[in-house]
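As numbered in my numbering, residues 1385 to 1542 make up the sequence shown, in order. For each residue, glycine too, the CB sits at the ideal point set by N, CA and C. Here is the structure we will look at.
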Amino acid sequence: MLLTPHTFVGVAIGASISNPFVAVPLSIAMHFLGDAVPHWDFYSNTTREERLKGWRPLAVMADLIIAVAVGLTATYYALWVLKDTNTATSIFLAGIAAVLPDALEGPYIFMQKETGVLNILTNIQRKMQFQAPLPWGIITQLIVILVSLLVISSSIIR
């Protein structure tokens, strides 16, 4: 799954659960459940060479920028509009936690180096992935984003 839908899920969890000690582990767990949803991503069925050249690295950076913007926008909203530091902290940390497994997998994707915990994480990630062809693999992610937006709007938008 792309980083942006993972981030929306983390933000929805953080917006709903203002205790980061609950929201963060739940966001990590939801990352793996999200990867079990049929989806398409930039590295679906690619070789190492394809991952490192052409449009894919740029697309990953664009996805990362959008994900960061989503997380920061929700965090700032909770801080400045709601004036709720607990919810803002939970949103911020849960948003990061929701993409953490993919971030930790980065060294393998780009350098094919796995050690210790990263080896375990990479194996779990591979087993949990449910790749889907275009356009269906994008449609499922749009549905995840829409459901997350509904949760966010019912939790923090006043």
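- In the three-state DSSP reduction, Gln1509 falls in the helix class (H, G or I).
- For Ile1536 and Ala1481, the gap between their C-alpha atoms comes out near 17 Å.
- Counting C-beta pairs closer than 8 Å gives fewer than three between the stretch 1398-1409 and the stretch 1418-1425, which falls short of the contact rule.
- With contacts defined as CB atoms closer than 8 Å, Val1465 and Thr1391 fail to qualify as a contacting pair.
- Per the DSSP secondary-structure output, Gln1515 pairs in a beta bridge with His1423.
- Residue environment for Ser1539: buried (at least 16 other C-beta atoms within 10 angstroms of its C-beta).
- Here Gly1394 carries a helix assignment [DSSP, helix/strand/coil].
- Under the three-state reduction of DSSP, Gly1455 is assigned to helix.
- Annotated three-state conformation of Trp1439 is coil, per DSSP.
- Residues Ser1402 of the same chain have their beta carbon placed closer than 6 Å to that of Asn1470, with the five preceding and five following residues left out of the count.
- Here DSSP, grouped into helix, strand and coil, assigns Ser1402 to coil.
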